[in-house]
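Engineer: Below you will find the structure I want to go over with you.
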Ligand SMILES: C[S@@+](CC[C@H](N)C(=O)[O-])C[C@H]1O[C@@H](n2cnc3c(N)ncnc32)[C@H](O)[C@@H]1O
Ligand SMILES: C[S@@+](CC[C@H](N)C(=O)[O-])C[C@H]1O[C@@H](n2cnc3c(N)ncnc32)[C@H](O)[C@@H]1O
């Protein structure tokens, strides 16, 4: 099942490449690396979207659940004038790679790096302005429910993979069911939109 | 050519209906009216998206080129704490209907109504925070070029129908060519994203 018409997808991808970014070489190298090693990162289009949203929101505190090697965190941090992005991953080697990326792009002063369970660590942070979910899909619903009290007024929740390859339409397995329940919960409780780029990006506003 | 997989489209549509809105009756009646009369308005999903974006942006001045009977303007105005939305359409009967909508939803104090050519009238307004394009597609490129100096710092440009039924992928006729040129121009000059909901919504940020 494809989500967007492949021609449209390529059209938008080609357009996105026209946007000049300062760290083009470093970022496109990371994109190739992710591709070669099959490491699931958000792509350029989703990166630009969260970058734009972050410029509008002007957050003081962004908390990422599942940062991998820091590709998505780059797009948040690069859009922030001040404040911090908390990168969390339970794999130490990912966080080490993320530190390298932030060093190379001069963003280290905007980052806090944490190794461990994302939900548990995130609980330490209050007044979260943007909460980004990209951890195991089976934990999406639990994650938002456990962290709701840590959100600031008018916070944004951004979640990746909310179409889960299209499986949410008719969910059969456990992960698909939980992502579908998560979507339903978000639309019932927040001003939400589900943007069908890549694998579906949900953006929710705490009204 | 379809843009999004129809199952995904319906899935997102159904989710969007879960969001409670204050003027549900008035708004869903307008949606039915547009449907019955084949009047092209943005739909609920696009409405919610521009509503969310407006809450983040907090504009003082929104200018719409091609307001029709005010459906899209409703979503802007409803998200604004203060400031004004300028509704422009060259058909007086559309603007009359828009006035009714704004009366019914208690938004009249947030609106300025104008009848005439949208680009010409928009030129009177300085410091535009959000410029919304939904006029004749053949005028998209000209419109942005003529109004660039009227944009505020960090303004947003939001344009509807930027996939133009998918025709921009391989543009044959004049309108499709101009919309494709518009997209290219926007991605070359602004931080832009093209969101494939409905007929394609471009959101561009003046960095
Ligand atoms: C999809 S990848 C993240 C990609 C990253 N957000 C990006 O787009 O650049 C998911 C990451 O989450 C981590 N992860 C999954 N579940 C986690 C959990 N419960 N706590 C911490 N990290 C987790 C995995 O180790 C993996 O690196
Ligand atoms: C697609 S409809 C607008 C729908 C409206 N934005 C909505 O989503 O609710 C386009 C409208 O633009 C108006 N229009 C087109 N070109 C125009 C122009 N150059 N100046 C003023 N109005 C124009 C048409 O009369 C029509 O009502």
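Chains as they are written, first to last, in this note's numbering: chain R, 44 to 250; chain A, 44 to 250. Ideal Cβ placement from N, Cα and C applies to all residues, glycine included. Just so we're clear, the structure is a prediction, and the values are computed from it rather than from any experiment.
#1: What in chain A is Cβ-close to residue 231 of chain R, meaning under 7 Å?
#2: Does residue 98 of chain A have its Cβ less than 9 Å from a Cβ in chain R?
#3: Can you find a C-beta in chain A that's less than 9 Å from the C-beta of residue 65 of chain R?
#4: Is residue 177 of chain A a contact residue of ligand 2, with contact defined as CB to any heavy atom under 8 Å?
#5: By Cβ distance below 6 Å, which residues in the same chain neighbour residue 52 of chain R in space, the five residues on each side in sequence not counted?
#6: Which value, in whole angstroms, describes the spacing of the CA atoms of residue 121 of chain A and residue 151 of chain A?
#7: Whose Cβ in chain R lies nearer than 7 Å to the Cβ of residue 222 of chain A?
#8: According to DSSP, is residue 210 of chain R helix, strand or coil?
#9: Excluding the 5 residues preceding and the 5 following residue 160 of chain A in the sequence, name in chain order all residues of the same chain whose CB lies nearer than 7 Å to its CB.
#10: With 9 Å as the threshold, decide whether the Cβ of residue 112 of chain A is near any Cβ in chain D.
#11: If contact is defined by three or more beta carbon pairs under 8 Å, each pair taking one atom from either stretch, is the segment 57-68 of chain R in contact with the segment 213-232 of chain A?
#12: Can you tell me which of the three DSSP states residue 231 of chain R falls into?
#13: Does the beta-carbon of residue 226 of chain A have 16 or more other beta-carbons within 10 angstroms, so that it is buried, or is it exposed?
#14: Considering Cα atoms alone, identify which of R/126, R/170 and R/91 is closest to residue 191 of chain R.
#15: Verify the CB distance criterion: does residue 44 of chain A have a CB-CB separation below 9 Å to chain R?
#16: Tell me which residues share the same chain as residue 174 of chain A and place their Cβ nearer than 7 Å to its Cβ, disregarding the 5 neighbours each side in the sequence.
#17: Any heavy atom of ligand 1 within a distance shorter than 8 Å of the CB on residue 182 of chain R?
#18: Are the CB atoms of residue 104 of chain R and residue 172 of chain R within a distance shorter than 9 Å?
#19: Can you tell me which residues form a DSSP beta bridge with residue 132 of chain A?
#20: On the DSSP letters alone, give me the boundaries of the beta strand (DSSP E) that residue 107 of chain R sits inside.
#21: Of the residues A/196, A/177, A/221 and A/182, which one's Cα is nearest the Cα of residue 204 of chain A?
#22: Nearest to residue 113 of chain R by alpha carbon, out of R/77, R/100 and R/249?
#23: Give the range of the alpha helix (DSSP H) segment to which residue 31 of chain R is assigned.
#24: Residues bridged to residue 199 of chain R by DSSP?
#25: Using a cut-off of 9 Å between C-beta atoms, extract the partners of residue 246 of chain R located in chain A.
#26: Mind listing which residues of the segment 206-217 of chain R have their C-beta closer than 7 Å to chain A's C-betas, in chain order?
#27: Thinking just about the alpha-carbon of each residue, which of A/88, A/131 and A/156 is nearest to the one in residue 239 of chain R?
#28: Name the DSSP beta bridge partners of residue 236 of chain A, please?
#29: Give the straight-line distance between the Cα atoms of residue 136 of chain R and residue 75 of chain R, rounded to the nearest whole angstrom.
#30: Between the C-alpha atoms of residue 81 of chain A and residue 109 of chain A, what's the straight-line distance to the nearest angstrom?
#31: Between residue 181 of chain A and residue 142 of chain A, is the Cβ-Cβ spacing less than 9 Å?
#32: So with CB distances below 9 Å, who are the chain R contacts of residue 50 of chain A?
#33: Residue 160 of chain R: beta carbon under 8 Å from a heavy atom of ligand 1?
Structural biologist: Taking the geometry as given:
#1: 61
#2: yes
#3: no
#4: yes
#5: none
#6: 11 Å
#7: In chain order: nothing, as chain R lies at least about 11 Å away.
#8: helix
#9: 133
#10: The chain inventory of the structure shown lacks chain D, comprising the protein chains R and A.
#11: yes
#12: helix
#13: buried
#14: R/170
#15: yes
#16: 106, 190, 194, 198 and 200
#17: yes
#18: yes
#19: A/158
#20: 104-108
#21: A/177
#22: R/77
#23: Past the boundaries of the shown model lies residue 31 of chain R; chain R is included only from 44 to 250, so the question cannot be answered.
#24: R/173 and R/248
#25: 92 and 95
#26: 206, 209, 211 and 212
#27: A/88
#28: A/246
#29: 18 Å
#30: 16 Å
#31: no
#32: 44, 209, 212 and 213
#33: yes
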